[in-house]
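For the sequence shown, the residue numbers in our numbering are 3 to 414.
We put the beta carbon where it would ideally sit given N, CA and C, even for glycine.
Quantities reported herein were computed from a predicted structural model and do not represent experimental measurements.
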Amino acid sequence: MGEKLPEMTAFKSEEPCSRYLVPILRGNHFALVHVGKLEEIYHMHVFDSLRPTHPNSSPFISKSELNKLANLLAGKDVNTKITRVPEEHASARVDTIKKRCSLVSRHVDGKISKRAVLRQSTTAQSIIDFKNNVVPRIRNQYAPDHIFNVDQTGIVLEETTKRTLAKRGTDKVFRVCQRDNPTRHSMTFNPCISADGKLTGKLFVTLYEPKPPRSFRQMVAPFTDLHVTHSTSGIMTTRLAEEWMEKCLLPSIPDRSVLLLDSWHGFDKMKVLRAVARKNLEIVTFPPRTTGQLQPLDLFFNRQLKCFLRKLQDEIRLKHNDFTISVRNNLLKVARFTQNQFQAPRFAPMIQRGFYELGIVTTRPTFDTPAEFCFDPEVGKEKCKTCTNLSFFKCAHCEETYCIKCTIDHFH
Numbered sequence: 003m004g005e006k007l008p009e010m011t012a013f014k015s016e017e018p019c020s021r022y023l024v025p026i027l028r029g030n031h032f033a034l035v036h037v038g039k040l041e042e043i044y045h046m047h048v049f050d051s052l053r054p055t056h057p058n059s060s061p062f063i064s065k066s067e068l069n070k071l072a073n074l075l076a077g078k079d080v081n082t083k084i085t086r087v088p089e090e091h092a093s094a095r096v097d098t099i100k101k102r103c104s105l106v107s108r109h110v111d112g113k114i115s116k117r118a119v120l121r122q123s124t125t126a127q128s129i130i131d132f133k134n135n136v137v138p139r140i141r142n143q144y145a146p147d148h149i150f151n152v153d154q155t156g157i158v159l160e161e162t163t164k165r166t167l168a169k170r171g172t173d174k175v176f177r178v179c180q181r182d183n184p185t186r187h188s189m190t191f192n193p194c195i196s197a198d199g200k201l202t203g204k205l206f207v208t209l210y211e212p213k214p215p216r217s218f219r220q221m222v223a224p225f226t227d228l229h230v231t232h233s234t235s236g237i238m239t240t241r242l243a244e245e246w247m248e249k250c251l252l253p254s255i256p257d258r259s260v261l262l263l264d265s266w267h268g269f270d271k272m273k274v275l276r277a278v279a280r281k282n283l284e285i286v287t288f289p290p291r292t293t294g295q296l297q298p299l300d301l302f303f304n305r306q307l308k309c310f311l312r313k314l315q316d317e318i319r320l321k322h323n324d325f326t327i328s329v330r331n332n333l334l335k336v337a338r339f340t341q342n343q344f345q346a347p348r349f350a351p352m353i354q355r356g357f358y359e360l361g362i363v364t365t366r367p368t369f370d371t372p373a374e375f376c377f378d379p380e381v382g383k384e385k386c387k388t389c390t391n392l393s394f395f396k397c398a399h400c401e402e403t404y405c406i407k408c409t410i411d412h413f414h
């Protein structure tokens, strides 16, 4: 057995400003460094190097790296005295400091290049500049009903939850869905919201159609509240972006408005259309890689949209399983119903929330989300207005309750 480690009190400092000294290896000797100073060193330098976005971050930090760093900094910043101390004592003291600073050994989950670290710092500065320079100008120059934001968001054809209950110890868990293929493909919604809390114009829907039928236009004609297109991937293309601008957005907004867009290259041709100039529409583009932190739709609205759709589809699978969600006609019914419910005046503050996070709206809005209001569990105790079944949904317009079969075809 080795020699018993000395207690911390064995290294009391003679200086009144510190309590203990700890041994740190320096060459062939050990330096006694103030434990308080060493903790300060770790907090100032080690913790900074642990942050991936810090310019002086280290790719891998181990106990030996901490010891080396302490040696370097102790020699520069701390008046120490040299004494011979067994190496295992120094190791024990480093363990003590690790415990005091809550440092533990962790598996490295991912690696990031120095170029990416620099890009992150540049992105953070772009966000600050946009909020300090562009947002105040837009807020002062335009009325809330003249400020719009548009973004495309992917919607899985059949949305299912990623978790379920299963017996403990089960090797693999499988659950039944209506169709397997639609759970791996998506369509695109292109909602347009304004800073006064309204959904503007028709909802632009791009369906996933690898081989669209010849009668596609006739099949989607009944859905007059939607502008339905298709692509082989279900994603909006540059050509579809121009179609959306000319047929959906420009007829629905007033002159001398501003449109906030992300930096997707598909919008480039759309921005130079003659119709845009005739409308005196200013287009402001968010800096690259800042969409998630600046765009009002991404800040709040899209999350509520997907939550609403997921709850609606869960109820359909549970109580109305003969309604196949991923069929084209039913997808459009769900889209039209969702658009109609989100247009209810009670959800205007919810739509404004993203503009508040950006800084265009200055008063924090209060509201119930569509999923909270429409799918309130208490609604299930009431009868459907049009039949004798138990209801599951409360309309955001009239506040009447409906069962699942009556809900899909109910809109204002």
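Here's the rule I'm using: 16 or more other beta-carbon atoms within 10 Å means buried, otherwise exposed. How should E401 be labelled? Locating residue 401 in the sequence shown gives position 399, where the first residue counts as 1. Under a 10 Å Cβ-count criterion, E401 is classified as exposed, with fewer than 16 other Cβ atoms of the shown protein chains found around its own Cβ.
Between K396 and C405, what straight-line distance do the alpha-carbon atoms span, to the nearest angstrom? Numbered from its first residue, the sequence shown carries residue 396 at position 394. Numbered from its first residue, the sequence shown carries residue 405 at position 403. One C-alpha to the other measures close to 9 Å.
In the DSSP assignment, what are the bridge partners of P195? Numbered from 1 along the sequence shown, position 193 holds the residue referred to as residue 195. Reading off the sequence shown, one finds Ile at residue 195, where the question assumed Pro. In the DSSP secondary-structure assignment, I195 is bridged to N151 and L201.
On the criterion of 16 or more Cβ atoms from any shown chain inside 10 Å, does Q127 qualify as buried, or is it exposed? If you number the sequence shown from 1, residue 127 lands on position 125. Result: exposed.
Check I410 in the structure and name its three-state DSSP category. Here residue 410 corresponds to residue number 408 of the sequence shown, with the count starting at 1. Coil, per DSSP.
Boundaries of the beta strand (DSSP E) in which L285 is found, first to last residue: Stepping through the sequence shown from its first residue, residue 285 is reached at position 283. A quick correction: the sequence has Ile, not Leu, at residue 285. E284 to T287 is the span of the beta strand (DSSP E), which, as asked, contains I285.
So, at 6 Å on beta carbons, what are the nonlocal neighbours of A350 in its own chain, with the 5 sequence-adjacent residues on each side left out? Mapped onto the sequence shown, residue 350 falls at position 348. Result list for A350: G199, in chain order.
May I ask you to report which of helix, strand or coil DSSP gives L251? Stepping through the sequence shown from its first residue, residue 251 is reached at position 249. Looking at L251 - three-state DSSP - the assignment turns out to be helix.
Alpha carbons only, please: which of I149, K116 and N332 is nearest the one belonging to D257? Translated into positions along the sequence shown, residue 257 becomes position 255. Closest option to D257, judged by alpha-carbon separation, among I149, K116 and N332: I149.
Residue environment, K204, which counts as buried when at least 16 other CB atoms sit within 10 Å: Working through the sequence shown from its first residue, we reach residue 204 at position 202. By the 10 Å Cβ count, K204 comes out buried.
Is there a C-beta anywhere in chain B that falls below 8 Å from the one on A145? This model lacks chain B altogether, as it is built from one protein chain only.
Would you call the region 359 to 373 and the region 296 to 312 in contact, with 3 or more CB pairs under 8 Å? With the cut-off at 8 Å, the region 359 to 373 and the region 296 to 312 touch.
What's the gap between the Cα of R121 and the Cα of S115? As a first step, residue 121 must be located in the sequence shown, where it is residue number 119. As a first step, residue 115 must be located in the sequence shown, where it is residue number 113. About 10 Å.
Thinking Y210 and L283 are a contact (beta carbons under 8 Å), I'd like their distance in whole angstroms, please. Start at 1 with the first residue of the sequence shown, and residue 210 comes out as number 208. Start at 1 with the first residue of the sequence shown, and residue 283 comes out as number 281. Incorrect: roughly 30 Å between the Cβ atoms, too far for contact.
Just the C-alpha distance for P138 and T226, rounded to the nearest angstrom, thanks. For the purposes of this step, residue 138 is identified with residue 136 of the sequence shown, where counting begins at 1. For the purposes of this step, residue 226 is identified with residue 224 of the sequence shown, where counting begins at 1. P138 and T226 have their C-alpha atoms some 38 Å from each other.
What does the alpha-carbon distance come out to for the pair V381 and Q315? Here residue 381 refers to the residue found at position 379 when the sequence shown is read from its first residue. Here residue 315 refers to the residue found at position 313 when the sequence shown is read from its first residue. Their backbone Cα atoms lie some 17 Å apart in a straight line.
Is it true that the CB of T390 sits closer than 8 Å to the CB of C408? Taking the first residue of the sequence shown as 1, we reach residue 408 at position 406. Taking the first residue of the sequence shown as 1, we reach residue 390 at position 388. Contact: no.
Secondary structure of V207, DSSP reduced to three states: Start at 1 with the first residue of the sequence shown, and residue 207 comes out as number 205. Correct three-state label for V207: strand.
Nearest CA to the CA of D153: which residue from T287, R280 and T172? Along the sequence shown, one-based indexing puts residue 153 at 151. Checking every option, the nearest Cα to that of D153 belongs to T287.
Using only CA atoms, which one of L392, T190 and S235 lies nearest to H229? The residue given as residue 229 occupies position 227 in the sequence shown. Checked all of L392, T190 and S235; the closest Cα to H229 is T190.
Is it buried or exposed for S196, if we count other Cβ within 10 angstroms and need 16 for buried? As a position in the sequence shown, residue 196 is number 194, starting the count at 1. Buried is the call here.
With S233 and T208 assumed to form a contact (beta carbons below 8 Å), what rounded beta-carbon distance in angstroms separates them? To locate residue 233, count along the sequence shown from 1; it is residue 231. To locate residue 208, count along the sequence shown from 1; it is residue 206. So it is a contact: roughly 6 Å between Cβ atoms.
Assign Y144 to one of three DSSP states: helix, strand, or coil. For the purposes of this step, residue 144 is identified with residue 142 of the sequence shown, where counting begins at 1. If DSSP states are grouped into helix, strand and coil, Y144 belongs with coil.
Residue range of the beta strand (DSSP E) that V260 falls in? On the sequence shown, residue 260 is found 258 positions in, with the first residue counted as 1. Taken as a continuous stretch (DSSP letters only), the beta strand (DSSP E) holding V260 covers V260 to L263.
Could you tell me if S217 is buried or exposed, where buried requires 16 or more neighbouring beta carbons within 10 angstroms of its beta carbon? The residue you call residue 217 lines up with position 215 of the sequence shown. Burial check for S217: the Cβ neighbour count within 10 Å stays below 16, so the residue is exposed.
Between which residues of its own chain and P215 is the CB-CB distance below 8 Å, once the five residues before and five after are set aside? Here residue 215 refers to the residue found at position 213 of the sequence shown. Here the set comprises M221.
Let me check understanding here. Comparing Cα to Cα, which of F206, V106, I255 and P224 lies closest to M238? Translated into positions along the sequence shown, residue 238 becomes position 236. The residue with the shortest Cα to Cα distance from M238 is F206.
Quick check: what's the CA-CA separation for L261 versus T166? The residue you call residue 261 lines up with position 259 of the sequence shown. The residue you call residue 166 lines up with position 164 of the sequence shown. Going from the Cα of L261 to the Cα of T166 covers about 41 Å.
Since F413 and I353 are thought to touch, with beta carbons under 8 Å apart, how far apart are those beta carbons, to the nearest angstrom? The count along the sequence shown starts at 1 and reaches residue 413 at position 411. The count along the sequence shown starts at 1 and reaches residue 353 at position 351. Taking the Cβ atoms as the reference, F413 lies roughly 18 Å from I353, outside the contact range of under 8 Å.
What's the gap between the Cα of T162 and the Cα of T326? Locating residue 162 in the sequence shown gives position 160, where the first residue counts as 1. Locating residue 326 in the sequence shown gives position 324, where the first residue counts as 1. Roughly 14 Å separates the two Cα atoms.
Who are the near neighbours of Q295 in its chain, counting only those whose CB is closer than 6 Å to its CB and skipping five residues on each side? Within the sequence shown, residue 295 is the residue found at index 293, counting from 1. Answer for Q295: I129, listed in chain order.
How many Å lie between S188 and F339 at the Cα? For the purposes of this step, residue 188 is taken as residue 186 along the sequence shown, with counting starting at 1. For the purposes of this step, residue 339 is taken as residue 337 along the sequence shown, with counting starting at 1. Going by C-alpha positions, S188 is about 18 Å away from F339.
Using only CA atoms, which one of S393, W266, N342 and I285 lies nearest to L252? In the sequence shown, counting from the first residue as 1, residue 252 sits at position 250. The option with the nearest alpha carbon to L252 is I285.
With C-beta atoms as the reference, is P298 less than 8 Å away from N151? Taking the first residue of the sequence shown as position 1, residue 298 is located at position 296. Taking the first residue of the sequence shown as position 1, residue 151 is located at position 149. Contact: yes.
Please classify S233: does DSSP put it in a helix, a strand, or coil? The residue given as residue 233 occupies position 231 in the sequence shown. Strand, per DSSP.
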